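Protein chains in written order, with the working numbering: chain A, 1 to 144; chain B, 145 to 288; chain C, 289 to 364; chain D, 365 to 440.
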């Protein structure tokens, strides 16, 4: 399982493909579920020009690794990855990608969604949005 | 929305990336859920050497398009795609990719999973597996 | 003047029918078409479509329809 | 001999504290550390961690611990 924090833009489809090619045995997995969260240019009725993503170096990685371990204790999947941006982000850029590989689809779907919900509620990241009205810390995530 | 039947191997991550670049407006979507089904070299306790995927030309495309329309009537997502292999398939090759783009994650997750379940139960495809014991038609899909 | 009948997957192999045409006279439903082609009653696990829409055994058929029979689907 | 205290996001800006050290004497819990640094009671919506594990207001603290305070997380 792999956790990556990235301070530069990444292509989530390339990240998933590269992880799959490097970590999964061809023919072993029948199901892959992937979620990508992308920065929109619009949130809660307001234009967003840019985003700053603060994190807690050390704890953020640990918490993401714990989330993957907790997921693996619940579902028999083969492997999983999380890549998450930190720092300044522009609209249209990916923020997070979660990928889960399993034998059958049920485990991949359920674990992928559970990992995203756990990440949203537990992983120490904080978003600050900049728009025409200035800057504001996002106060809470939208429910899943 | 796009439905593609492909008689040759495809890279699902490239398909998703290309559809996204061509059909989605940058900054408009916040959530993307993707599912990929891949041919394993092992099924129900037996080695599988190759797979033949029969379909019903005309009805298969129509049914997949209906599934996307039915999903869009239930969830407010922005766009969706299905690409599915037909014909001979080797282990490790992708069989299907489903992608859904939406503003928020709930719609993308739910619609993607619903589309896969609908595809598994409604889309006219039939798998024939070849292994050491000969050929056999797969009699039913595993439940989701 | 004909109804086109198609079979897929294991049914195609069992009945050795890919595509045939049958006279429409006397055939009112999907179940009638199956009996005409196979000489047997339509088994409950066989799925059917008329003109590429899912149908039931009681779905009416008419001249120039395409009626298809197939086992449970196994795509994805 | 110190407890390291960290704040993040809106708390960091409000209290103008990124990282400080406080004397551990008299500080038994996470809530004590917050009161020592801010002079106020720990509000219920503020989250905390001790040595990078989530904690509660009653979690004990000791010398050389790192105690962090932050608002609800908003990643993903």
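Glycine included, C-beta positions come from ideal geometry on N, C-alpha and C. This one's a predicted model, so the numbers in the text were calculated from it and none came from an experiment.
Closer than 8 Å to chain B by CB, residue i
| i | result |
| --- | --- |
| residue 13 of chain A | yes |
| residue 128 of chain A | no |
| residue 361 of chain C | yes |
| residue 337 of chain C | yes |
| residue 357 of chain C | no |
| residue 133 of chain A | no |
| residue 104 of chain A | yes |
| residue 327 of chain C | no |
| residue 125 of chain A | no |
| residue 109 of chain A | yes |
| residue 80 of chain A | no |
| residue 33 of chain A | yes |
Identified DSSP bridge partners for residue i
| i | result |
| --- | --- |
| residue 194 of chain B | B:274 |
| residue 342 of chain C | C:337 |
| residue 27 of chain A | DSSP, once it has assigned bridges, lists no residue as partnering residue 27 of chain A. |
| residue 6 of chain A | A:85 |
| residue 186 of chain B | B:191 |
| residue 199 of chain B | B:269 |
| residue 94 of chain A | A:38 |
| residue 135 of chain A | A:130 |
| residue 383 of chain D | D:370 |
| residue 317 of chain C | C:348 |
| residue 80 of chain A | A:100 |
| residue 357 of chain C | C:295, C:336 |
| residue 33 of chain A | A:100, B:179 |
Contact set for residue i: own chain, Cβ-Cβ below 8 Å, skip 5 residues either direction
| i | result |
| --- | --- |
| residue 11 of chain A | 94 |
| residue 404 of chain D | 398 |
| residue 425 of chain D | 367, 388, 391, 392, 393, 394, 396, 397, 414, 431 |
| residue 1 of chain A | 65, 68, 69, 72, 79, 80, 81 |
| residue 288 of chain B | 257, 260, 261, 264 |
| residue 150 of chain B | 227, 228, 229, 230 |
Contact with chain A by residue i, beta-carbon distance below 8 Å
| i | result |
| --- | --- |
| residue 173 of chain B | yes |
| residue 419 of chain D | no |
| residue 295 of chain B | Outside the displayed range of chain B (145 to 288) lies residue 295 of chain B, so it cannot be described from this structure. |
| residue 416 of chain D | yes |
| residue 373 of chain D | yes |
| residue 218 of chain B | no |
| residue 232 of chain B | no |
| residue 390 of chain D | no |
| residue 160 of chain B | yes |
| residue 288 of chain B | yes |
Other residues of its chain near residue i: CB distance less than 6 Å, five sequence neighbours each side excluded
| i | result |
| --- | --- |
| residue 260 of chain B | 179, 242 |
| residue 16 of chain A | 34, 99 |
| residue 147 of chain B | 205, 208, 209, 226 |
| residue 365 of chain D | 427 |
| residue 52 of chain A | 88, 128 |
Residues near residue i in its chain [Cβ-Cβ closer than 7 Å; skip 5 each side]
| i | result |
| --- | --- |
| residue 254 of chain B | 219 |
| residue 104 of chain A | 30, 31 |
| residue 193 of chain B | 274, 275 |
| residue 47 of chain A | 41, 131, 132 |
Inter-residue CB distance, residue i and residue j (contact presumed, cutoff 8 Å)
| i | j | result |
| --- | --- | --- |
| residue 231 of chain B | residue 182 of chain B | About 16 Å separates the two Cβ atoms, so there is no contact after all. |
| residue 411 of chain D | residue 435 of chain D | 7 Å |
| residue 67 of chain A | residue 122 of chain A | 6 Å |
| residue 119 of chain A | residue 440 of chain D | 5 Å |
| residue 343 of chain C | residue 198 of chain B | Their Cβ separation, rounded to whole angstroms, is 19 Å, which puts residue 343 of chain C and residue 198 of chain B out of contact at 8 Å. |
| residue 125 of chain A | residue 437 of chain D | 6 Å |
| residue 101 of chain A | residue 14 of chain A | Contact flag wrong, Cβ pair sits at about 16 Å. |
| residue 295 of chain C | residue 202 of chain B | Their Cβ separation, rounded to whole angstroms, is 15 Å, which puts residue 295 of chain C and residue 202 of chain B out of contact at 8 Å. |
Cutoff 8 Å: residue i Cβ touching any chain D Cβ
| i | result |
| --- | --- |
| residue 92 of chain A | no |
| residue 141 of chain A | yes |
| residue 10 of chain A | no |
| residue 67 of chain A | no |
| residue 114 of chain A | no |
| residue 100 of chain A | no |
| residue 138 of chain A | yes |
| residue 58 of chain A | yes |
| residue 51 of chain A | no |
| residue 119 of chain A | yes |
CB contact below 8 Å: residue i versus chain C
| i | result |
| --- | --- |
| residue 180 of chain B | no |
| residue 169 of chain B | no |
| residue 146 of chain B | no |
| residue 136 of chain B | Since the displayed chain B opens at 145 and closes at 288, residue 136 of chain B lies outside it and no answer follows. |
Per the contact definition of three or more C-beta pairs closer than 8 Å, is the segment 376-392 of chain D in contact with the segment 308-326 of chain C?
-> no
Specify whether the segment 266-276 of chain B and the segment 186-201 of chain B touch according to this definition: at least 3 beta carbon pairs, one from each stretch, less than 8 Å apart.
-> yes
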